[in-house]
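Undergrad: Counted from 1, the sequence shown has number 50 at position 50 by the UniProt record's numbering; the numbering is strictly sequential.
For each residue, glycine too, the CB sits at the ideal point set by N, CA and C.
Below you'll find the structure I mean.
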Amino acid sequence: MIECPKCLSKGRVASSRRVTPGLRELYCQCMNLNCAEVFVLHLSLSHYPKRTGGKPNPELQPELCSDDNQVDMFDE
Ligand SMILES: [Zn+2]
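Here it is in structure tokens:
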């Protein structure tokens, strides 16, 4: 979600431009009509996280860790 730095309301990305392969400029606009500020955010590559081969991380992918849609084949 994009947040307006001026009024903290919700904003949207109107356009974007690639600066380098790891850096984009996002041209954003505040959705609050009383503010309607236009601002530019940098979206930059931080790092490549290590893949462990283990189970999903509940902090990063909580939707993969819920048991709601799982059918336990061994539970009779
Ligand atoms: Zn705003």
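Quick one: Cα of Arg12 to Cα of Leu64, how far?
TA: Locating residue 12 in the sequence shown gives position 12, where the first residue counts as 1. Locating residue 64 in the sequence shown gives position 64, where the first residue counts as 1. Looking at the two C-alpha atoms, the distance is approximately 27 Å.
Undergrad: May I have the straight-line CA-CA distance separating Arg51 from Met31, to the nearest angstrom?
TA: Counting from one through the sequence shown, the residue named residue 51 turns up at place 51. Counting from one through the sequence shown, the residue named residue 31 turns up at place 31. Answer to the nearest angstrom: the Cα atoms are 37 Å apart.
Undergrad: In angstroms, rounded to a whole number, what distance separates the CA positions of residue 77 and His42?
TA: Because the chain is modelled from 1 through 76, residue 77 falls outside the range shown and cannot be assessed.
Undergrad: For Ser15 and Leu26, what's the separation of their Cα atoms in angstroms?
TA: Sequence index remark: in the sequence shown, residue 15 carries index 15 (1-based). Sequence index remark: in the sequence shown, residue 26 carries index 26 (1-based). Approximately 6 Å, taken between the alpha carbons.
Undergrad: Looking at Cys4 and ligand 1, is the gap between the Cβ and the nearest heavy atom below 7 Å?
TA: Indexing the sequence shown from 1 puts residue 4 at position 4. It does: the Cβ of Cys4 is within 7 Å (strictly closer) of some heavy atom of ligand 1.
Undergrad: Nearest CA to the CA of Asn34: which residue from Lys55, Pro62, Ser9?
TA: Locating residue 34 in the sequence shown gives position 34, where the first residue counts as 1. Closest by alpha carbon: Ser9.
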